[in-house]
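**Student:** The structure follows.
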Ligand SMILES: [Zn+2]
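Residue numbers (my numbering): 10 to 261.
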């Protein structure tokens, strides 16, 4: 006797196949698991290996830039500065044209030297674009077609400078609920608020693991286990366990 097929079998299979086909390009097949990336205190040598070995083909268009800014963040942390990195990307060909990182505290204190400021300082010093009185047009054109990526949501100081520079697209990996301005542009003074409305300001389209790593680096910045300068770090003020880690997974 011929076995009768379930009526669902002929319906579900094409549906499942279609769903799989639709989801396949977005599956982060080769990426490591997202949960509990690194225990606190974060070992920067381990984090560096993790980022250096990040797979090329993850299906997320911004992973390449996320990896670039995370490498800068790790370098900054190893120099005893804030673990934040940034880069400028030429959108026409996807090339990274400048990189920057936080240099606020070392080798000497510079109150403005956030990663984005460092990035823009470097780019402008290299471009040496003449001012408007030179008759050579709008100097902000040197930023035309460039997008800025940062590991962390830009603060008010950096965001207003990025807007003033004329950069049209600003992407960040991790939000900064206590100090970020990119998610609060409606609170800017009218001049800056209107400028912000003409720009794209958003989270980077990168793998969730890289977003999580950017967040962990910043949240656990007082608990980083540095390896490049172990002797200097031994007596460094940040070695003292006086900074409370705010990350929910690292509250011990
Ligand atoms: Zn800043």
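Each residue gets a CB set at the ideal place from its N, CA and C atoms; glycine is no exception. Remember, predicted model here, so these are calculated numbers, not experimental data.
For the alpha helix (DSSP H) holding residue 168, just list the boundary residues, first then last.
**Tutor:** Start at 1 with the first residue of the chain shown, and residue 168 comes out as number 159. 165–174 is the span of the alpha helix (DSSP H), which, as asked, contains residue 168.
**Student:** Rounded C-beta distance between residue 194 and residue 211? I'm assuming under 8 Å.
**Tutor:** Start at 1 with the first residue of the chain shown, and residue 194 comes out as number 185. Start at 1 with the first residue of the chain shown, and residue 211 comes out as number 202. The Cβ separation is near 11 Å, so there is no contact.
**Student:** Can you name the start and end residues of the beta strand (DSSP E) that residue 98 belongs to?
**Tutor:** The residue you call residue 98 lines up with position 89 of the chain shown. Per DSSP, residue 98 belongs to the beta strand (DSSP E) from 94–99.
**Student:** Give the straight-line distance between the Cα atoms of residue 67 and residue 145, rounded to the nearest whole angstrom.
**Tutor:** The residue labelled residue 67 in the question sits at position 58 within the chain shown. The residue labelled residue 145 in the question sits at position 136 within the chain shown. Rounded to whole angstroms, residue 67 to residue 145 spans 43 Å at the Cα level.
**Student:** Determine, using beta carbons only, whether residue 219 comes closer than 7 Å to chain C.
**Tutor:** This model lacks chain C altogether; it includes just one protein chain.
**Student:** From residue 170 to residue 57, what distance separates their C-alpha atoms?
**Tutor:** Start at 1 with the first residue of the chain shown, and residue 170 comes out as number 161. Start at 1 with the first residue of the chain shown, and residue 57 comes out as number 48. Cα to Cα, residue 170 sits roughly 30 Å from residue 57.
**Student:** Rounded to the nearest angstrom, what separates residue 126 and residue 215 at their Cα positions?
**Tutor:** By 1-based counting over the chain shown, the position of residue 126 is 117. By 1-based counting over the chain shown, the position of residue 215 is 206. Distance between the alpha carbons of residue 126 and residue 215: 23 Å.
**Student:** Residue range of the alpha helix (DSSP H) that residue 138 falls in?
**Tutor:** Within the chain shown, numbered from 1, the residue matching residue 138 stands at position 129. Careful: residue 138 lies outside any alpha helix (DSSP H) and carries neither H nor E.
**Student:** Which whole-angstrom value is the C-beta distance of residue 183 and residue 207, which I expect to be below 8 Å?
**Tutor:** Counting from one through the chain shown, the residue named residue 183 turns up at place 174. Counting from one through the chain shown, the residue named residue 207 turns up at place 198. In fact, because the Cβ distance is near 24 Å, the residues do not count as touching under 8 Å.
**Student:** Is it the case that the region 76–90 contacts the region 98–115, given that we only count it when at least three CB pairs across the two stretches are under 8 Å?
**Tutor:** Yes, the region 98–115 is in contact with the region 76–90.
**Student:** Exposed or buried, residue 221, counting other C-beta atoms within 10 Å across all chains shown (16 or more means buried)?
**Tutor:** Taking the chain shown and counting its residues from 1, the one referred to as residue 221 is at position 212. It is buried - the Cβ of residue 221 has at least 16 other Cβ atoms within 10 Å.
**Student:** Can you give me the Cβ contacts of residue 201 inside the same chain, cut-off strictly under 7 Å, excluding the 5 residues immediately before and after it?
**Tutor:** Taking the chain shown and counting its residues from 1, one reaches residue 201 at position 192. Same-chain partners within the cutoff: 169, 172.
**Student:** Are there any heavy atoms of ligand 1 lying less than 6 Å away from the beta-carbon of residue 96, as far as the coordinates show?
**Tutor:** Stepping through the chain shown from its first residue, residue 96 is reached at position 87. Answer for residue 96: no, Cβ out of range of ligand 1.
**Student:** Quick check: does the Cβ of residue 190 come within less than 6 Å of any heavy atom belonging to ligand 1?
**Tutor:** Position 181 of the chain shown, counting from 1, holds the residue named residue 190. Residue 190 Cβ: outside cutoff for every heavy atom of ligand 1.
**Student:** In terms of residues, what are the limits of the beta strand (DSSP E) holding residue 145?
**Tutor:** Within the chain shown, numbered from 1, the residue matching residue 145 stands at position 136. Counting along the chain, residue 145 falls outside any beta strand (DSSP E), and DSSP gives it neither H nor E.
**Student:** Residue 121: beta carbon under 6 Å from a heavy atom of ligand 1?
**Tutor:** Stepping through the chain shown from its first residue, residue 121 is reached at position 112. Residue 121 Cβ: outside cutoff for every heavy atom of ligand 1.
**Student:** Secondary structure at residue 107, three-state DSSP: helix, strand or coil?
**Tutor:** Reading the chain shown from its first residue, position 98 is the one you call residue 107. Strand.
**Student:** Have a look at the DSSP bridge pairing and note the partners of residue 181.
**Tutor:** Numbered from 1 along the chain shown, position 172 holds the residue referred to as residue 181. Looking at the DSSP assignment, residue 181 forms a beta bridge with 159, 212.
**Student:** Could you check whether the Cβ of residue 136 sits closer than 6 Å to any heavy atom belonging to ligand 2?
**Tutor:** The model on display carries ligand 1 but not ligand 2.
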